[in-house]
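Encoded as structure tokens, the structure appears first; notes follow it.
Protein chains: 2
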Amino acid sequence: MPTIIDVAKTAGVSKSTVSRVLTDNGYVSKESRKKVLSAMEEIGYIPNILARQFQSGVTKTIGFIAPSYMNTMGKFLQVFMETAKKYGYFVNLYLTSEDKQKEIEALNQMKFKQIDGIFILTRTNEWEVIKKFSQYGPISTWNRIEEDWIYSSYFDHYEGYLKALNYLYNQGYRQFGHVLGNSQNLNTKARLKALHEFHQNKGLKLDDEWLIQESSLYDDGKLIGEKWIDSKSKPDVLAFYSDYIAAQFISRIEEKGFKSPENIGVLGFDNSEISELMHLTTVDYSIEKQAYNSFIYLYNQLNEENIAEKKLTTKIIKRKTIVNRT
Amino acid sequence: MPTIIDVAKTAGVSKSTVSRVLTDNGYVSKESRKKVLSAMEEIGYIPNILARQFQSGVTKTIGFIAPSYMNTMGKFLQVFMETAKKYGYFVNLYLTSEDKQKEIEALNQMKFKQIDGIFILTRTNEWEVIKKFSQYGPISTWNRIEEDWIYSSYFDHYEGYLKALNYLYNQGYRQFGHVLGNSQNLNTKARLKALHEFHQNKGLKLDDEWLIQESSLYDDGKLIGEKWIDSKSKPDVLAFYSDYIAAQFISRIEEKGFKSPENIGVLGFDNSEISELMHLTTVDYSIEKQAYNSFIYLYNQLNEENIAEKKLTTKIIKRKTIVNRT
DNA sequence: CTGTTAGCGCCTTCAG
DNA sequence: CTGAAGGCGCTAACAG
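Taken in sequence, the protein lines are chains A and B.
Taken in order, the first sequence gives residues 1 to 326; the numbers are from full-length UniProt numbering.
Taken in order, the second sequence gives residues 1 to 326; the numbers are from full-length UniProt numbering.
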């Protein structure tokens, strides 16, 4: 592997000059530049990235932390990585299996200068713990959180959920069930606010049995399916905070001979691949743009630039698990 | 950030001694070691990975190339990454969108010493093109290929498929349809051999219309669904080479009011998450072990070790899309 | 067993 | 505008 010294020799200049043309930094005469360029060409010079990283203390890679391979994650990751590549960054994936220690290890990579910034799809440790790492570089997340040490490209779940519930109402549904995630999560809080307002405004009673919180992405959809089968007060529609859980729910009740929309309306959330396959009516809230924004934030921080973010929008994707009952 | 020099000073030894305890290389007296260790503790020393990488010319990271974030990929990636981490390696994901140029760029990372080895889930370029990069480091893949410059942790699709077909036969199915992938792929060839033998042995006619090849992971399942709906000579069972395509197929025929297993038996392949959600009968062929083996091969190559691989096994996962018709 | 020394490849002052 | 020189943090001979 030729180095700048080799280039310098064959170009008949000093290595500093070569370095200058490489970094486009400082003055280089046209002739020198030309000589250097053709010398590089001639001997097939390729800059040693390792040396550069070492020298600059920067890796041009971003860590992407997620608890596990999730269905929802596909589109997000793809866009995030494409954007990163476009701006000259690599992406390191860390799958934590919801193991706090593993998440810490990933976070530590930034401390060790192994990555320049971090994106967290879904955290495992408390924010308080994560916060400590923000001194080593920028962090962004998908969860909604309003603190200044972290960026959140969040979608307004209050408005989005309200819109979805109104849609269900207009389709003739009256007995609502809600499946929400982690109650600490600001998205969950926003949804909670939306649904309380909604029930109040429409004069609809809220059945506590069917206000389900803290469901995780593992197999809670199945458990909820069982709960629904056994329940005496079945809601006529269930609004989930994630397609994946909704899919598990349907999958489970189908095993027992029930069906959506015949026996219960189901509304997913995410417009993920699985929702298409299983004909789930769902809510699209421009995941792609969130992924873009999440990277752009990190990029802006890292490079002191100010590239604009994209504005998010919502749309209800009508498929088969919600019907008009009026 | 303290360096080994700082450690050396506070421990009252030379930096080489510090380096020795760090790398566990060469002799260090117990006392020196203890002094160094406590000095590191005291000043909060963390090795600079960038410097190490630069110095050794090695990044301890493996590139993982895939066309996109596929459903099937989840389990594989998870195990691959866990194994990698266990052995002190990072994983860099490259999503190529089936763009040859992007794949080349990823391959190039090894030339530029950005990664030490490469795993290819599904290639986009021809093997001939990829082969050139094997001079820069080890490459392994999931596809079956028998050449010495690349390792393939392949599952024996000949036996696996034969086993699956026999199972279907025993359940009473007689008119078979087969959906296979890329015909260049050795896995496809193995399956082709298996199915020909199977049809011959059982005296079953093979309907050319239902020997489908070259189907890609995008949305061919849907197209096949339409084909099936329109066809006059419908097979009574369709064996797919991937759960995902099978899922798309079922999804599409359901839209038109058909169902599996009532109207057609469906056999998936992979035992992926989606197959569980959609109650697909499928074939499990220990993806986890393949992921493990794929990494281990690279590790062995890179470190001149000889860790044993795991043996692969097959199992038919009985769910709902195949029934006993006898 | 330990210290000295010489790089790894690149970038960045600092003189000229 | 250009060359010389120093340094980033660490490892690996090489003497002692």
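Note that the Cβ used here is the ideal one computed from N, Cα and C, for glycine as well.
Remember, predicted model here, so these are calculated numbers, not experimental data.
So that I know if they touch, is there some Cβ in chain A lying closer than 7 angstroms to that of Phe249 (chain B)? Here the question's residue 249 (chain B) lines up with position 249 in the second sequence. Chain A contact via Cβ: absent.
List the residues of chain B that Ser68 (chain A) touches, going by C-beta distances under 9 angstroms, in chain order. Along the first sequence, one-based indexing puts residue 68 (chain A) at 68. One finds Gly74, Gln78 in chain B with Cβ atoms closer than 9 angstroms to the Cβ of Ser68 (chain A), taken in chain order.
Determine, using beta carbons only, whether Ile49 (chain A) and Gln184 (chain B) come nearer to each other than 7 angstroms. Mapped onto the first sequence, residue 49 (chain A) falls at position 49. Mapped onto the second sequence, residue 184 (chain B) falls at position 184. Taking the C-beta atoms as reference points, Gln184 (chain B) is found no nearer than 7 angstroms to Ile49 (chain A).
Since Thr59 (chain A) meets chain B, which of its residues come closer than 8 angstroms, beta carbon to beta carbon? Residue 59 (chain A) sits at position 59 when you count from the first residue of the first sequence. At a C-beta separation below 8 angstroms, Thr59 (chain A) has these neighbours in chain B: Leu50.
Listed by chain order, chain B residues near Ile46 (chain A) by CB distance under 8 angstroms: Looking up residue 46 (chain A) in the first sequence gives position 46. Chain B residues near Ile46 (chain A): Lys111, Phe112.
Counting along the chain, where does the beta strand (DSSP E) carrying Leu238 (chain A) start and finish? Counting from 1 along the first sequence, the entry for residue 238 (chain A) is found at position 238. Leu238 (chain A) -> beta strand (DSSP E) spans 237-240.
Neighbour-count burial assignment, Ile212 (chain A), 16 or more Cβ in a 10 Å radius: Here residue 212 (chain A) is taken as the residue at index 212 of the first sequence, counted from 1. Around the C-beta of Ile212 (chain A), 16 or more other C-beta atoms lie within 10 Å, and the residue is accordingly described as buried.
Under 7 angstroms, Cβ to Cβ, is there at least one residue of chain B near Leu277 (chain A)? Locating residue 277 (chain A) in the first sequence gives position 277, counting from the first residue. The beta carbon of Leu277 (chain A) sits closer than 7 angstroms to some beta carbon of chain B.
Taking only runs that begin and end inside the region 156-216 of chain A, name each unbroken alpha helix (DSSP H) of 4 or more residues, in chain order. Runs found: 157-170, 186-202.
Continuous beta strand (DSSP E) stretch holding Asn92 (chain B): start and end: Residue mapping note: residue 92 (chain B) aligns to position 92 of the second sequence, counting from 1. Asn92 (chain B) -> beta strand (DSSP E) spans 90-95.
Give the straight-line distance between the Cα atoms of Ser68 (chain A) and Thr281 (chain B), rounded to the nearest whole angstrom. The residue labelled residue 68 (chain A) in the question sits at position 68 within the first sequence. The residue labelled residue 281 (chain B) in the question sits at position 281 within the second sequence. Distance between the alpha carbons of Ser68 (chain A) and Thr281 (chain B) is about 25 angstroms.
Who pairs with Phe119 (chain A) in a beta bridge, going by DSSP? Within the first sequence, the letter at position 119 stands for residue 119 (chain A). Under the DSSP definition of a beta bridge, Phe119 (chain A) partners with A:Phe64, A:Ser140.
What is the DSSP secondary structure of Ser19 (chain B), counted as helix, strand or coil? As a position in the second sequence, residue 19 (chain B) is number 19, starting the count at 1. Looking at Ser19 (chain B) - three-state DSSP - the assignment turns out to be helix.
Short CB-CB distance (under 7 angstroms) between Phe119 (chain B) and chain A: Against the second sequence, residue 119 (chain B) aligns to sequence position 119. By this cut-off, Phe119 (chain B) is not an interface position.
Taking 7 angstroms as the threshold (C-beta atoms), are Gly160 (chain A) and Tyr285 (chain A) in contact? Residue 285 (chain A) sits at position 285 when you count from the first residue of the first sequence. Residue 160 (chain A) sits at position 160 when you count from the first residue of the first sequence. Yes, Cβ-Cβ distance for Tyr285 (chain A) and Gly160 (chain A) is below 7 angstroms.
Under 7 angstroms, Cβ to Cβ, is there at least one residue of chain B near Phe240 (chain A)? Residue numbering aside, residue 240 (chain A) sits at position 240 when the first sequence is read from its first letter. Among the CB atoms of chain B, none fall inside 7 angstroms of the CB of Phe240 (chain A).
Do Arg123 (chain A) and His157 (chain A) have their beta-carbon atoms positioned less than 7 angstroms apart in this structure? As a working note, residue 157 (chain A) is residue 157 in the first sequence. As a working note, residue 123 (chain A) is residue 123 in the first sequence. No, these two residues do not count as a Cβ contact at 7 angstroms.
Along the chain, where does the beta strand (DSSP E) that runs through Lys315 (chain A) open and close? Counting from 1 along the first sequence, the entry for residue 315 (chain A) is found at position 315. Unbroken beta strand (DSSP E) run through Lys315 (chain A): 315-317.
Residues that Leu267 (chain A) bridges to, as DSSP identifies them: For the purposes of this step, residue 267 (chain A) is taken as the residue at position 267 of the first sequence. A:Ala239, A:Thr281.
Nearest to Glu304 (chain A) by alpha carbon, out of A:Asp236, A:Pro138, A:Phe133, A:Ile130? Residue 304 (chain A) sits at position 304 when you count from the first residue of the first sequence. A check of alpha carbon separations from Glu304 (chain A) across A:Asp236, A:Pro138, A:Phe133, A:Ile130 identifies A:Pro138 as the nearest.
Short CB-CB distance (under 7 angstroms) between Gln53 (chain A) and chain B: Working through the first sequence from its first residue, we reach residue 53 (chain A) at position 53. Yes - at least one Cβ of chain B is within 7 angstroms of the one on Gln53 (chain A).
Going by alpha carbons, who is nearest to Ile130 (chain B) out of B:Asp116, B:Phe112, B:Ala106, B:Ser153? Within the second sequence, numbered from 1, the residue matching residue 130 (chain B) stands at position 130. The candidate whose alpha carbon is nearest that of Ile130 (chain B) is B:Ala106.
By DSSP, does Ser251 (chain A) sit in helix, in strand, or in coil? Translated into the one-based positions of the first sequence, residue 251 (chain A) becomes position 251. Ser251 (chain A): helix per DSSP, three-state reduction.
Under 7 angstroms, CB to CB, which of the residues in the region 80-108 of chain B have a partner in chain A? Correct list: Met81, Phe90, Val91, Asn92, Leu93, Leu95.
Residues within the region 254-277 of chain B neighbouring chain A, beta-carbon criterion of under 9 angstroms: Going along the region 254-277 of chain B in chain order, one finds Glu254, Glu255, Glu273, Ile274, Glu276, Leu277 with a Cβ nearer than 9 angstroms to chain A.
Ser152 (chain B) bridges to which residues according to DSSP? As a first step, residue 152 (chain B) is located in the second sequence; it is residue number 152 there, counting from the start. In DSSP, Ser152 (chain B) forms a bridge with B:Thr141.
What's the gap between the Cα of Phe258 (chain A) and the Cα of Trp228 (chain A)? Position 258 of the first sequence, counting from 1, holds the residue named residue 258 (chain A). Position 228 of the first sequence, counting from 1, holds the residue named residue 228 (chain A). One C-alpha to the other measures close to 10 angstroms.
At what residue ranges does the region 6-51 of chain A contain a whole run of the beta strand (DSSP E), taking only runs of 3 or more? Runs found: none.
For Ile307 (chain B), which residues of its own chain have a beta-carbon under 8 angstroms away from its beta-carbon, when the five flanking residues on both sides are left out? Here residue 307 (chain B) refers to the residue found at position 307 of the second sequence. In its chain, beyond the 5 residues on either side, Ile296, Tyr299, Asn300 have a beta carbon closer than 8 angstroms to the beta carbon of Ile307 (chain B).
With DSSP collapsed to three states, give me the class of Glu295 (chain A). As a first step, residue 295 (chain A) must be located in the first sequence, where it is residue number 295. Here the sequence assigns Phe to residue 295 (chain A), which means Glu is not the residue at that position. Under the three-state reduction of DSSP, Phe295 (chain A) is assigned to helix.
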